Every structure is written in structure tokens, then in C-alpha cells.
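Asks: Structure provided below as C-alpha cells; questions to follow.
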Amino acid sequence: MNERYPKRILWATLFFVLFASAGFTRLTIETDFSKNFRDSSDIVKALDFVETRLGGASTWEVNFPAPPQLTEEYLERVRALSEDLRKVNPPDKTQLTKVISITDTLDFVPKKPFASDPIQSKLEMIQDLQSDFESSMYNSEIGRMRIILRALERQSAEEKLSLIHKVDSLAKKHFPGAKTKQSDDKTEAVHKEPGKAAGIFILLAYLIDSLLKDQLNSFLLAATSIWLIMSLAFRSLKLGMIAMVPNLFPIVVVIGAMGWSGLTLNIGTAMIASVSMGLTTDSSIHFISSFLRERSHGATTVEALRTTHHSVGRAIIYATCALVAGFSVLTLSHFIPLIYFGALVSVAMIGGMFGDLVLMPILLSLFYKDKVESAA
Numbered sequence: 006m007n008e009r010y011p012k013r014i015l016w017a018t019l020f021f022v023l024f025a026s027a028g029f030t031r032l033t034i035e036t037d038f039s040k041n042f043r044d045s046s047d048i049v050k051a052l053d054f055v056e057t058r059l060g061g062a063s064t065w066e067v068n069f070p071a072p073p074q075l076t077e078e079y080l081e082r083v084r085a086l087s088e089d090l091r092k093v094n095p096p097d098k099t100q101l102t103k104v105i106s107i108t109d110t111l112d113f114v115p116k117k118p119f120a121s122d123p124i125q126s127k128l129e130m131i132q133d134l135q136s137d138f139e140s141s142m143y144n145s146e147i148g149r150m151r152i153i154l155r156a157l158e159r160q161s162a163e164e165k166l167s168l169i170h171k172v173d174s175l176a177k178k179h180f181p182g183a184k185t186k187q188s189d190d191k192t193e194a195v196h197k198e199p200g201k202a203a204g205i206f207i208l209l210a211y212l213i214d215s216l217l218k219d220q221l222n223s224f225l226l227a228a229t230s231i232w233l234i235m236s237l238a239f240r241s242l243k244l245g246m247i248a249m250v251p252n253l254f255p256i257v258v259v260i261g262a263m264g265w266s267g268l269t270l271n272i273g274t275a276m277i278a279s280v281s282m283g284l285t286t287d288s289s290i291h292f293i294s295s296f297l298r299e300r301s302h303g304a305t306t307v308e309a310l311r312t313t314h315h316s317v318g319r320a321i322i323y324a325t326c327a328l329v330a331g332f333s334v335l336t337l338s339h340f341i342p343l344i345y346f347g348a349l350v351s352v353a354m355i356g357g358m359f360g361d362l363v364l365m366p367i368l369l370s371l372f373y374k375d376k377v378e379s380a381a
């Protein structure tokens, strides 16, 4: 087929690459922890119970500067921030389910008659009832206070990031921090830090995005390294480039197809590119090595390609089938990222086999004419 219709195959390949590349813009990131498991799993059922009856599974906070001694004026600012946080939910959806601040408890505790410092007397009463409450909300030594937040875990990445941005903006609005220059005193520098959102909820929201960027960097580094190593091994930059085409083609198509089909990027799918390229590179090396060996023995380009197909081609097919069978076992997992990883890597390896057995012979025939050339 690659001898009869080389131009058609190349044009079809180019079309698939361009079409798949457009799907990159449609890729979305999945940060909902529950989507990592099947709906029938005990983890999802337990999470549903917490989300629907206990106010959400995600706990995080807003922390901001605080004076060494609490004053009524400062507590009014805390109350104002708490009220704004309670109004942060959009009209048609609940995202933030609970806002707990130190003022909620202080307002609940009755005033002590004839107390010289009403706020301190209330804190002492709270200390008697719950000794660790004040220290969990307010640290006078480093000058920070926090408001505890609870949010729903089962939200999309866009909703989580939007909520985090709103909360962080409100914290900086009410407690912008000191405008003066920071001194060398570390404690004083902490006092001047503006309000901000923090916690595991934010970490998980940005985790996949960070992993995706790291995988992109590692993929580019791996691709460049493999190209250089192949170029050195075959003593030809041209052969190094030819070897990279069938390895990159299936990765671009698979990731682009994810965008068009609506599959989200998670912990598993973010690693497809680097892993797939590493697995398919081995077949490319064997194919090119066999081709060059036949050429060095005096075979024409067509003869060398046919001999390589009959010898190395079979080994590539058998090896790919074995790898696909091994990775397909991951589709039986209860962990959704592993299912996607196993299935998509299998598809990418099949695409890599197509690239080695169909695309690479066409590219080699374009650059090697029917005359004996050295491997260089």
C-alpha cells in the first residue's frame, strides 16, 4: 500500500495531524477527585454522602494579617470579609458551603459584666470551653488570622479556579497588607503579607495543571534527546528527523482526539505523550538499522524496505501486540486515570506501529534513491 499510494498516505496523514492539532484547543483539565473512580465504588459513595449531607469534602482557608491585640475595629473587618465570602456563590449553584471565622464564636459568647477588655474576656471564656479554638484561628505571635472554608469537591476545574480567584480577591481587598517597605525582621515581613486563599483544595485544583506543564516540558526534552541520540547513532540528522515522524504522529492524533471527543486530562492521560514515545522509539531504531544494513549490502531502496518489512516488520507487530495486551490489562482497574492511560497508550502504540511500517518506508524512499549510499 505504501508503494502504490505514497502521496495519498502522506496527505491523509497530514490531514489527520492538522485535524487532531485543532483538538488541542478543546482539551480540558479534570480536578474532581471523585472522577478518578467508578460511580459504583465505595469511595464515590462515601464522598457523595459527605458532599450532600455534611457540607462538602474540601476544607481550605483564607489567612490574613492580624494585630498583636484584637480590637473591635479589626473584628469588624473580619466580619465584613466573612459576609462577603458567604455571598460568593453564584445564584444558581452552591460552591462554598461553610464559612467559619473567630467572630462567629465571639458574637455568640455573651459579654462579661464590668470586663475591662470585653474581647479578651470572651476569648478566655472560649478558652475554658475549647482550649485550642483561639490558637486554631488566630496567632498573635506571627500576626496571622484565618477563616476556615468548606467547599464542594465535585466541581469542574473551571468552577474551582473561579471560586479560588473570587475568594483570593476578597481576601486581598479586605486585607491588602502593608504598603511600606519590608524590613529585615522576618516576623514583621509576615505581618505585612496580604490576605490570601490557601489549603489542600487549592493544591489539588492546580495539581493537574502543574503536572500537565511538567509533562509537556519533559516530552519536549525527551523528543529532543531522542532525536539527538538517533542522529548520533545513525550519523545523520536526516535519519534522526525521519525516525521522529512516526513516533510523534500517533501522540498528536491521540491527544487531539481526546480534545474532540471531550476526554479530560487527568493524572493518567497527562503522561501519555512521554511514555508512548519511549515505547515506540525502539521499533523505529530496529527498522532503520535493518534498512541501512540492507542498503550497505548493495540492495536498492525498494529491496531494502521489502526485506526489512518481512524481517523486522513481523517483530514490530508481535512486540506491539504484546505491549498492547499488557497495557490493556489496566482497563480493568477501578482507578479511572489508569483505565484511560492503559487504553490510550495502547492506541498510541498501535499508531506508532502504523507509523513505523507505513509512514517510515515512504519517508525513507523519498530521501534514499535507488543507489547504494553509506549509512552516513
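Yeah, the sequence shown ends on 381 if you go by our numbering, and it's all consecutive. A virtual CB, placed ideally from N, CA and C, is assigned to each residue, including glycine. Note that the coordinates shown come from a computational prediction; the quantities given were computed from them, not determined experimentally.
#1: Ignore the nearest five residues each way along the sequence and tell me which others in V329's own chain have a CB closer than 8 Å to its CB.
#2: Contact between the region 270–289 and the region 332–346: three or more CB pairs below 8 Å?
#3: Three or more C-beta pairs under 8 Å: does that hold for the region 363–377 against the region 290–300?
#4: From this set, H339, L371, K374, L335, which residue's C-alpha is nearest S45's C-alpha?
#5: Check for me: the beta strand (DSSP E) holding K201 runs from which residue to which?
#6: With the cut-off set at 8 Å, would you say E158 and G61 are in Cβ contact?
#7: Under the DSSP definition of a beta bridge, which residues are partnered with N252?
#8: Using a Cβ-Cβ cutoff of less than 8 Å, which residues in the same chain neighbour R82 once the five nearest sequence positions on both sides are dropped?
#9: Compute the beta-carbon to beta-carbon distance between E56 and L154, rounded to the nearest angstrom, for a pair I have assumed lies under 8 Å.
#10: Counting only the same chain and skipping the five closest in sequence on each side, list residues whose C-beta sits under 7 Å from that of R151.
#11: Using the C-alpha atoms, what's the distance from K98 back to K171?
#12: Look up Y143 in the DSSP assignment and give the residues it is bridged to.
#13: Decide if A17 is buried, meaning its Cβ has at least 16 other Cβ atoms within 10 Å, or exposed.
#14: Mind checking whether F138 and T108 have CB atoms under 8 Å apart?
#15: Identify, in the order they occur along the chain, each residue of the same chain with its Cβ nearer than 7 Å to the Cβ of K191, setting aside the five sequence neighbours on each side.
#16: Report the three-state DSSP secondary structure of T18 (helix, strand or coil).
#17: Could you give the DSSP three-state label for L369: helix, strand or coil?
#18: Starting from K103, trace the beta strand (DSSP E) in both directions and tell me its first and last residue.
#19: Pop quiz: M282 and A248 are said to be a contact at Cβ under 8 Å. What is the actual Cβ separation, rounded to whole angstroms?
#20: Using the Cα positions of T185 and R91, report the straight-line distance between them to the nearest angstrom.
#21: For P73, which three-state DSSP category applies?
#22: Which of the three DSSP states, helix, strand or coil, is assigned to A156?
#23: Smallest Cα separation from I322: which of H291, W232, G303?
#24: Can you grab the Cα-Cα spacing for the pair E308 / Y373, in whole Å?
#25: Going by the DSSP bridge assignment, what does F138 pair with across the sheet?
#26: Does the beta-carbon distance from L168 to Q100 come in below 8 Å?
#27: What three-state label does DSSP hand V67 in the structure shown?
#28: If you scan the region 23–98 from start to end, which runs of the beta strand (DSSP E) of 3 or more residues do you find wholly inside it?
#29: Looking at the structure shown, is F340 part of a helix, part of a strand, or coil, going by DSSP?
#30: Looking at C-beta atoms only, is the number of pairs between the region 251–258 and the region 19–37 that lie closer than 8 Å three or more?
#31: Helix, strand or coil: how does DSSP classify L128 here?
#32: In three-state DSSP terms, what is E193?
#33: Are there 16 or more other CB atoms within 10 angstroms of the CB of N41, so buried, or fewer, so exposed?
#34: Starting from the C-beta of R58, find all residues in its chain whose C-beta is less than 8 Å away, skip the five residues before and the five after it, and write them out in chain order.
Replies: On the basis of the supplied data:
#1: Counting only Cβ-Cβ distances below 8 Å, and skipping sequence neighbours, we find S351, M354, I355.
#2: Counting Cβ pairs under 8 Å, three or more are found: they touch.
#3: A contact exists between the region 363–377 and the region 290–300.
#4: That would be H339, whose Cα lies nearest to the Cα of S45.
#5: Run containing K201: 201–203, per the beta strand (DSSP E) assignment.
#6: Closer than 8 Å, so yes.
#7: Answer by DSSP bridge pairing: none, since N252 is not bridged.
#8: Contacts found: H179, F180.
#9: Not a contact, Cβ separation roughly 15 Å.
#10: Within the same chain, R151 has close Cβ partners E66, V67, N68, M142.
#11: For K171 and K98, the distance between alpha carbons rounds to 15 Å.
#12: Partner residues in the beta bridge of Y143, as assigned by DSSP, are M150.
#13: Residue environment analysis places A17 among the exposed positions, since fewer than 16 neighbouring C-beta atoms fall within 10 angstroms of its C-beta.
#14: Using a Cβ distance threshold of 8 Å, F138 and T108 do not count as a contacting pair.
#15: Its pLDDT being 47, under 50, K191 is placed unreliably by the model, and nothing is read from it.
#16: The answer is helix: DSSP assigns T18 an H, G or I state.
#17: DSSP places L369 within a helical segment (H, G or I) once states are collapsed to three.
#18: For K103, the enclosing beta strand (DSSP E) stretches over residues 101–105.
#19: Their Cβ separation, rounded to whole angstroms, is 11 Å, which puts M282 and A248 out of contact at 8 Å.
#20: Per-residue confidence for T185 stands at a pLDDT of 45, beneath the threshold of 50, marking its modelled position as unreliable; no derived number is given.
#21: If DSSP states are grouped into helix, strand and coil, P73 belongs with coil.
#22: Here A156 sits in strand by DSSP.
#23: When only C-alpha atoms are compared, the closest one is H291.
#24: One C-alpha to the other measures close to 12 Å.
#25: Answer is none; F138 lacks a bridge partner.
#26: The answer is yes: Cβ separation under 8 Å.
#27: Here V67 sits in strand by DSSP.
#28: Fully enclosed beta strand (DSSP E) runs of 3 or longer: 63–70.
#29: Note: F340 maps to strand in three-state DSSP.
#30: The region 251–258 makes contact with the region 19–37: 3 or more CB pairs, one atom from each, lie closer than 8 Å.
#31: Correct three-state label for L128: helix.
#32: Residue confidence is low: E193 scores 46 on pLDDT, short of 50, so the model does not pin down where it sits. No coordinate-derived value is stated.
#33: With 16 or more other Cβ atoms within 10 Å, it is buried.
#34: Same-chain partners within the cutoff: there are none.
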